[in-house]
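Asks: Taken in order, these protein sequences are the chains called U and D. Note that my numbering has the first sequence beginning at 1090, numbered continuously upward. Note that my numbering has the second sequence beginning at 39, numbered continuously upward. Submitted below is the structure of interest, expressed as structure tokens.
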Amino acid sequence: MYTTELKDKNQKPQVAAVVEDPERLAAFEARVAADDFIEPKDWMPEAYRKTLVRQISQHAHSEIVGMLPEGNWITRAPSLRRKAVLLAKVQDEGGHGLYLYAAAETLGTSREEMIEALHSGRAKYSTIFNYPTLTWADIGAIGWLVDGAAIMNQVPLQRTSYGPYARAMVRVCKEESFHQRQGYEIMMALAGGTDAQKRMAQDALNRWWWPSIMMFGPPDENSPNTAQSIRWRIKRETNDELRQKFIDVTVPQAEAIGLTIPDADLKWNDARGSYDYGAIDWEEFYAVVRGEGPVAKERMQARVKAWEDGAWVRDAATAHAAKHEAREAAE
Amino acid sequence: MADTALFDYACRLGDDSLILGQRLSEWCGHAPMLEVDLSLANVGLDLIGQATHFLKLAGEAEGKGRDEDKLAFHRDVLDFKNCLLAEQPNGDFAQTIARQFLFSNWQELLFRELCKSSNATIAAIAAKAAKEVIYHSRLANEWMVRLGDGTAESHGRMVEGLDWMWRFSDELFEVDAALEPLIASGVACDVRKLRPEWDARIGRVLKEATLELPQARRATVGGRVGHHSEHLGHLLSEMQFLQRAYPDSRW
């Protein structure tokens, strides 16, 4: 799954509080411009470190919160095969979360700190997971659209300037493209099924389409960090470029299985070689970023509950490890 | 020709795995830490895989054209043959681990023996699954020790969790009239013979976990003949919902 600059529109762009040594900064910029990877022990400007921690931890949180909407259907999956595939998929998302947290930890922020930031509402996660999964078709739509959008975003991140993040992305991308195909396959089965199944499929597309194309983040003119992030190779293409790519790839996929994209203004533009599309409701996007998504409360409640209910388990594991170590030392 | 004895046995094996796999999948996204979430999902996936193979075999033995999905999603409580232990609710993490501990240590011994089954399909499924289950019991044993010998709270919860599950352990070693002929022909494993080794394993881990063996009590049984706890019906109504609500659909 994925995250972009999930900042409230009214939040000020981050300003680097630290004045960096101009020589080191110039050397750093030159390395990044030459597409060198920056590694954890290398010098880096504070603003780069902060931006990365924010982006990678948001990405990790998105993976973990993203387990919930799909997890909602594991126990109700309609066949043994679908159940196994979905369980494996959600487990993959958890694995992505794990290596993204590990990548962010190389920048000096602990997993506990990041999780605390998520639970207190200071850290964001992808807006898409604040929408509910109502029918089995939503599992198809998420795989097809949400993972499809994630791939668009993440493929360029395999060449992002921070080594541990780029390497995590290589692995994540392989699995996401598998998920995307599985999701599309679910939609294909439904779209070719009974009337009730067709209805589920079209309804899921209707509900997930707009939130999916919002996943690429605000339009470029409202994306204050884009220029710097692109210069730093933290981002490699703009939000609007990625969004357009996604739409161009996805529209024919919907047509191929007889589903209709819920956008009356969607039209092929010969001159541009791309689809024109209707206006996106950015008020909805910013509301969801502010935490006003339909199931934002349920998502956070589930995460906080799992964490709090699990506290005694983590304490026990720590206590046992300490006892074990003491005993080994005594021997 | 229909082989009802084999059908019944394959259902018992498949239902154990299916129902416990379903229970473990309830944890997904809600475990105490990410690493545990991944491990529980792994175990659940292995179990669902085993269930798929055993229920496929059951359908073939029955010879009425029911495949593994038909059996998983279109039978009611009385026709499920899993042990009562598998269907017990997750409870807290200690209760889940207690269930896994008793079950996986048993299943590991069972599959080791079933690798020698005179039924080639059962032997093949068991051979693959035996490797998986060694990992399951190791995971459960490690958590038993961590929680038993962790903090006072975790110890107390482990005692409770074990107490909940213990009454269902005798059923794992029960042999009824349906099983006797299959044991005689070398298809099924005589689970009675596994008991001493299982007891020894359980005792060893409990000792390391600083936990007492729960007191002997009257066993609660019935799963193998379809007489279950109240929990199974709810589990099935959730698991089977889509297939039941849209019976003529392909997914």
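Even for Gly, the Cβ is constructed at its ideal location relative to N, Cα and C. In this text, all values refer to a predicted model and were calculated from it rather than measured experimentally.
So, do the region 185-199 of chain D and the region 109-120 of chain D have three or more beta carbon pairs nearer to each other than 8 angstroms?
Replies: Result no; under three Cβ-Cβ pairs closer than 8 angstroms.
Asks: Would A1419 of chain U pass as an interface residue toward chain B - the criterion being a Cβ-Cβ separation below 8 angstroms?
Replies: Included in the structure are the protein chains U and D, with no chain B among them.
Asks: Compile a chain-ordered list of the residues in the region 60-81 of chain D whose CB is closer than 8 angstroms to at least one CB of chain U.
Replies: Listed by position along the chain: Q60, S63, E64, C66, G67, H68, A69, P70, M71, L72, E73, V74, D75, L76, A79 and N80.
Asks: Chain U beta carbons: is any one of them nearer than 8 angstroms to that of I160 of chain D?
Replies: Counting from 1 along the second sequence, the entry for residue 160 of chain D is found at position 122. Taking Cβ atoms only, chain U never reaches closer than 8 angstroms to I160 of chain D, which makes this a no.
Asks: Leaving out the 5 sequence neighbours to the left and right, which residues in its chain are closer than 7 angstroms to Q1269 of chain U when beta-carbon positions are compared?
Replies: Within the first sequence, residue 1269 of chain U is the residue found at index 180, counting from 1. So the list reads G1232, W1233, D1236, G1237 and I1240, once near-sequence residues are dropped.
Asks: Check whether the Cβ atoms of R1165 of chain U and L280 of chain D sit closer than 8 angstroms, and answer yes or no.
Replies: The residue labelled residue 1165 of chain U in the question sits at position 76 within the first sequence. The residue labelled residue 280 of chain D in the question sits at position 242 within the second sequence. Yes.
Asks: For the region 1388-1416 of chain U, which residues have a CB atom closer than 9 angstroms to at least one CB atom of chain D, in sequence order?
Replies: Hits within the stretch, in order: A1391, R1392, K1394, A1395, W1396, D1398, G1399, A1400, W1401, V1402, R1403, D1404, A1405, A1406, T1407, A1408, H1409, A1410, K1412 and H1413.
Asks: Which residues in the same chain have their Cβ closer than 7 angstroms to the Cβ of T90 of chain D, if we skip the five residues on either side of it in sequence?
Replies: For the purposes of this step, residue 90 of chain D is taken as residue 52 along the second sequence, with counting starting at 1. The answer, listed in chain order, is E106.
Asks: In chain order, what residues of the same chain lie with their CB nearer than 6 angstroms to the CB of P1334 of chain U, ignoring the 5 residues before and after it?
Replies: If you number the first sequence from 1, residue 1334 of chain U lands on position 245. With the sequence shown as reference, residue 1334 of chain U is identified as Lys, and Pro is not the correct amino acid for it. Same-chain partners within the cutoff: M1241.
Asks: How many Å lie between Q60 of chain D and T1216 of chain U at the Cα?
Replies: Translated into the one-based positions of the second sequence, residue 60 of chain D becomes position 22. Translated into the one-based positions of the first sequence, residue 1216 of chain U becomes position 127. Each residue's alpha carbon lies about 29 angstroms from the other.
Asks: Could you name the residues of the region 1200-1228 of chain U whose beta carbon sits closer than 8 angstroms to any beta carbon of chain D, in the order they occur along the chain?
Replies: From the region 1200-1228 of chain U, only W1225 have a Cβ closer than 8 angstroms to chain D.
Asks: I want to verify the contact list: residues of chain D whose CB lies under 7 angstroms from the CB of I1163 of chain U, in sequence order.
Replies: On the first sequence, residue 1163 of chain U is found 74 positions in, with the first residue counted as 1. Residues of chain D passing the Cβ test: S63 and C66.
Asks: Mapping the DSSP letters down to three states, classify K119 of chain D as helix, strand or coil.
Replies: In the second sequence, the residue the question calls residue 119 of chain D occupies position 81. K119 of chain D falls in the coil class under three-state DSSP.
Asks: Since K1287 of chain U and A1280 of chain U should fall inside the 8 angstroms C-beta cutoff, what is the C-beta to C-beta distance between them, to a whole number of angstroms?
Replies: As a working mapping, residue 1287 of chain U is identified with position 198 in the first sequence. As a working mapping, residue 1280 of chain U is identified with position 191 in the first sequence. About 6 angstroms; that satisfies the 8 angstroms criterion.
Asks: Which same chain residues, not among the five before or five after E1152 of chain U, have their C-beta less than 6 angstroms away from its C-beta?
Replies: Working through the first sequence from its first residue, we reach residue 1152 of chain U at position 63. Excluding sequence neighbours, E1152 of chain U sits near M1090, E1182, H1185 and G1186.
Asks: Does the region 1250-1268 of chain U come into contact with the region 1397-1407 of chain U, if we say contact requires no fewer than three beta-carbon pairs (one atom in each stretch) closer than 8 angstroms?
Replies: Because the criterion of three Cβ pairs below 8 angstroms is not met, the region 1250-1268 of chain U and the region 1397-1407 of chain U do not touch.
Asks: With DSSP as the reference, label S1301 of chain U as helix, strand or coil.
Replies: What you label residue 1301 of chain U is simply residue 212 of the first sequence in a count that begins at 1. Helix, per DSSP.
Asks: Are the beta-carbon atoms belonging to G67 of chain D and A132 of chain D less than 8 angstroms from one another?
Replies: Counting from 1 along the second sequence, the entry for residue 67 of chain D is found at position 29. Counting from 1 along the second sequence, the entry for residue 132 of chain D is found at position 94. No, they are not a contact pair.
Asks: Run down chain U in chain order and give the residues with a C-beta less than 9 angstroms from the C-beta of W204 of chain D.
Replies: Taking the second sequence and counting its residues from 1, the one referred to as residue 204 of chain D is at position 166. The premise fails here: W204 of chain D is roughly 21 angstroms from chain U at the closest Cβ pair, so nothing lies under 9 angstroms.
Asks: Does the beta-carbon of G1306 of chain U have 16 or more other beta-carbons within 10 angstroms, so that it is buried, or is it exposed?
Replies: Walking along the first sequence from the start, residue 1306 of chain U turns up at place 217. Buried.
Asks: Which two residues bound the contiguous alpha helix (DSSP H) that contains N80 of chain D?
Replies: Along the second sequence, read from residue 1 onward, the residue named residue 80 of chain D stands at position 42. Looking at the DSSP string, the run of the alpha helix (DSSP H) that includes N80 of chain D is L72 to E100.
Asks: Given H112 of chain D, which residues of its chain have a CB within under 6 angstroms of its CB, disregarding the five upstream and five downstream residues?
Replies: If you number the second sequence from 1, residue 112 of chain D lands on position 74. Around H112 of chain D: no qualifying Cβ.
Asks: Can you round the beta-carbon distance between C227 of chain D and E151 of chain D to whole angstroms, since I take them to be within the 8 angstroms contact cut?
Replies: Residue 227 of chain D sits at position 189 when you count from the first residue of the second sequence. Residue 151 of chain D sits at position 113 when you count from the first residue of the second sequence. Their Cβ separation, rounded to whole angstroms, is 4 angstroms, which keeps C227 of chain D and E151 of chain D in contact under 8 angstroms.
Asks: Between the region 1288-1301 of chain U and the region 1196-1205 of chain U, are three or more C-beta pairs nearer than 8 angstroms?
Replies: No, because fewer than three Cβ pairs between the region 1288-1301 of chain U and the region 1196-1205 of chain U fall closer than 8 angstroms, the two stretches do not touch.
Asks: Of the residues U:D1337, U:I1346 and U:D1370, which one's Cα is nearest the Cα of R1361 of chain U?
Replies: For the purposes of this step, residue 1361 of chain U is taken as residue 272 along the first sequence, with counting starting at 1. When only C-alpha atoms are compared, the closest one is U:D1337.
Asks: Tell me the rounded alpha-carbon separation between A110 of chain D and F1374 of chain U.
Replies: Taking the first residue of the second sequence as 1, we reach residue 110 of chain D at position 72. Taking the first residue of the first sequence as 1, we reach residue 1374 of chain U at position 285. Those two C-alpha atoms are separated by around 41 angstroms.
Asks: If distances are taken between C-alpha atoms only, which option among D:Q88, D:Q126 and D:H193 comes closest to S207 of chain D?
Replies: Within the second sequence, numbered from 1, the residue matching residue 207 of chain D stands at position 169. Measuring from the Cα of S207 of chain D, the nearest candidate turns out to be D:Q126.
Asks: Return the first residue and the last residue of the alpha helix (DSSP H) that K1213 of chain U is part of.
Replies: In the first sequence, residue 1213 of chain U corresponds to position 124, counting from 1. Neither: K1213 of chain U is in no alpha helix (DSSP H) and is coded neither H nor E.
Asks: Using the beta-carbon count (16 or more within 10 Å), is P1102 of chain U buried or exposed?
Replies: As a first step, residue 1102 of chain U must be located in the first sequence, where it is residue number 13. Residue confidence is low: P1102 of chain U scores 49 on pLDDT, short of 50, so the model does not pin down where it sits. Its coordinate-derived value is still stated next. P1102 of chain U comes out exposed.
Asks: Using three-state DSSP, classify K154 of chain D as helix, strand or coil.
Replies: Sequence index remark: in the second sequence, residue 154 of chain D carries index 116 (1-based). In the structure shown, K154 of chain D sits in coil (DSSP, three-state: anything other than H, G, I, E or B).
Asks: Quick one: does S275 of chain D have its CB under 8 angstroms from some CB of chain U?
Replies: What you label residue 275 of chain D is simply residue 237 of the second sequence in a count that begins at 1. Cβ-Cβ to chain U under 8 angstroms: no for S275 of chain D.
Asks: When you compare each of U:A1119, U:G1367 and U:V1402 to A190 of chain D by their alpha carbons, which one comes out closest?
Replies: In the second sequence, the residue the question calls residue 190 of chain D occupies position 152. Checking every option, the nearest Cα to that of A190 of chain D belongs to U:V1402.
Asks: Which of the three DSSP states, helix, strand or coil, is assigned to D1309 of chain U?
Replies: Working through the first sequence from its first residue, we reach residue 1309 of chain U at position 220. Reduced to three states, the DSSP call for D1309 of chain U is helix.
Asks: Compare the beta carbon distance of P1134 of chain U and E1109 of chain U with 8 angstroms and say whether it is the shorter of the two.
Replies: Taking the first residue of the first sequence as position 1, residue 1134 of chain U is located at position 45. Taking the first residue of the first sequence as position 1, residue 1109 of chain U is located at position 20. Their beta carbons are under 8 angstroms apart, which means P1134 of chain U touches E1109 of chain U by this criterion.
Asks: Going along the chain, which unbroken runs of the alpha helix (DSSP H) with 4 or more residues stay wholly within the region 1342-1419 of chain U?
Replies: Taking only runs of at least 4 residues, the alpha helix (DSSP H) segments lying wholly in the region 1342-1419 of chain U are 1371-1376, 1385-1398 and 1400-1419.
Asks: Note the first and the last residue of the continuous alpha helix (DSSP H) segment covering G1160 of chain U.
Replies: Taking the first sequence and counting its residues from 1, one reaches residue 1160 of chain U at position 71. First-last of the alpha helix (DSSP H) with G1160 of chain U: M1156 to G1160.
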